[in-house]
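**Q**
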Amino acid sequence: MPRHITVVYTIHDETTAKDELERLGEQYKSYDPENPPAIGISAMSNANEMRRLELIEEATEEYRPDEALEKINDLLGAVKLAE
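2 is the number of the first residue of the sequence shown in the numbering used here; add one for each residue after it.
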């Protein structure tokens, strides 16, 4: 049974991060779900996923379940998130 870990990179200098991001992108592109490696990058996001999770948690705490679900659906579809 596979398990997943999440790693969050914080980039303060795009120029310095360029090589690392290219390396990660290549690993992601080469991931084959039909023949997965022992360890590989199966998902990536350029959005601020930590902020998205915070907003989802806030929605579940602040709204009735039906309203929270609508807010969460909107958040899941958002590409760019405010910091």
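Yeah, the Cβ is synthetic: ideal placement off N, Cα and C, and Gly gets one too.
Does the segment 20-34 come close enough to the segment 55-73 to have 3 or more Cβ pairs within less than 8 Å?
**A** Too few Cβ pairs lie closer than 8 Å, so no.
**Q** Roughly how many whole angstroms lie between the Cα atoms of Lys-19 and Gly-26?
**A** Translated into positions along the sequence shown, residue 19 becomes position 18. Translated into positions along the sequence shown, residue 26 becomes position 25. Computed Cα separation, rounded: 10 Å.
**Q** Can you round the beta-carbon distance between Met-45 and Tyr-29 to whole angstroms, since I take them to be within the 8 Å contact cut?
**A** Counting from one through the sequence shown, the residue named residue 45 turns up at place 44. Counting from one through the sequence shown, the residue named residue 29 turns up at place 28. At roughly 5 Å, the Cβ-Cβ gap stays under 8 Å, so Met-45 and Tyr-29 are in contact.
**Q** Determine the direct distance from the alpha carbon of Arg-65 to that of Glu-23, and round the result to whole angstroms.
**A** Taking the sequence shown and counting its residues from 1, the one referred to as residue 23 is at position 22. Taking the sequence shown and counting its residues from 1, the one referred to as residue 65 is at position 64. So the two alpha carbons sit approximately 42 Å from each other.
**Q** State yes or no: is the C-beta of Leu-76 within less than 9 Å of the C-beta of Arg-53?
**A** Translated into positions along the sequence shown, residue 76 becomes position 75. Translated into positions along the sequence shown, residue 53 becomes position 52. Going by C-beta atoms, Leu-76 is nearer than 9 Å to Arg-53.
**Q** CA-CA distance, Asn-47 and Val-9?
**A** For the purposes of this step, residue 47 is taken as the residue at position 46 of the sequence shown. For the purposes of this step, residue 9 is taken as the residue at position 8 of the sequence shown. In a straight line, the C-alpha of Asn-47 is about 10 Å away from that of Val-9.
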